[in-house]
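Enquirer:
In UniProt numbering, the protein residues as written are 1 to 186.
(1) Does DSSP classify residue 18 as helix, strand or coil?
(2) For the alpha helix (DSSP H) holding residue 156, just list the boundary residues, first then last.
(3) Whole angstroms are fine: how far does the CA of residue 45 sit from the CA of residue 10?
(4) Determine the closest residue to residue 76 out of 36, 115 and 52, with distance taken between C-alpha atoms.
(5) Which residue from 39, 80, 7 and 83 puts its Cα closest to that of residue 62?
(6) Helix, strand or coil for residue 26? Go by DSSP, reduced to three states.
(7) Leaving out five residues on either side along the sequence, give the residues of the same chain with a beta carbon under 7 angstroms from the beta carbon of residue 159.
(8) What's the gap between the Cα of residue 68 and the Cα of residue 84?
(9) Go through its chain and collect everything with a Cβ distance to residue 175's Cβ below 6 angstroms, but skip five positions before and after it.
(10) Using the three-state DSSP reduction, which class does residue 111 fall into: helix, strand or coil?
(11) Could you tell me the distance, in whole angstroms, from the CA atom of residue 132 to the CA atom of residue 170?
(12) Is residue 31 helix, strand or coil when you go by DSSP?
(13) Is DSSP giving residue 134 helix, strand or coil here?
(14) Would residue 141 be called buried (16 or more neighbouring beta carbons within 10 Å of its own) or exposed?
(15) Please report how far the alpha carbon of residue 161 lies from the alpha carbon of residue 129, in whole angstroms.
(16) Flag this pair as yes or no: are the beta carbons of residue 7 and residue 41 separated by less than 7 angstroms?
(17) If I'm right that residue 110 touches residue 164 with Cβ under 8 angstroms, what's the distance once you round it to whole angstroms?
(18) Kindly give me the distance between the Cβ atoms of residue 135 and residue 150, rounded to whole angstroms, as I take these residues to be in contact under 8 angstroms.
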């Protein structure tokens, strides 16, 4: 039955591909979405090739499959949109604090100094501040020793502190108890 399945599928595919693609194109927001729908429709047809009717009925059967695939894609898009909206709102609630004009200038300078650091220094400091990792955890993430991370972190903090001083930002303590607005130690 292996060759018979393949021959049947190929015949149906060649006979109906353009029609199924047109069906999907008229119902999708983008050509990429339509291509996904068509690919999934024919993937299902291949898995269920024994259920494929013959002749003209195959095209109608594929329209039904494509219709169900489209419905699944729309539900998935709606779910993703709902989750993205909730995530945006959560991020806005969590991090949206309007700084005073003085803080705004200082935060801009801090951001500039941070962006001027090397990629490695920014990554180390971000792992501490934003991800809340300690030196041992960072060592596991980076695949190095805890001691090497501690040394690199000390140097990154020192470079950051020097950059802040050069930018005219008042010195902030760079020890273990230094906290940013996130409440995490730098």
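For every residue, glycine included, the Cβ atom is placed at its ideal position computed from N, Cα and C.
Expert: Taking the definition as stated:
(1) DSSP places residue 18 within a helical segment (H, G or I) once states are collapsed to three.
(2) 146 to 166
(3) 11 angstroms
(4) 36
(5) Nearest C-alpha to residue 62: 39.
(6) coil
(7) 117 and 121
(8) 24 angstroms
(9) Its pLDDT being 43, under 50, residue 175 is placed unreliably by the model, and nothing is read from it.
(10) helix
(11) 24 angstroms
(12) helix
(13) coil
(14) Classification for residue 141: exposed.
(15) So the two alpha carbons sit approximately 15 angstroms from each other.
(16) no
(17) Cβ-Cβ separation between residue 110 and residue 164: approximately 7 angstroms, consistent with a contact (criterion under 8 angstroms).
(18) 5 angstroms
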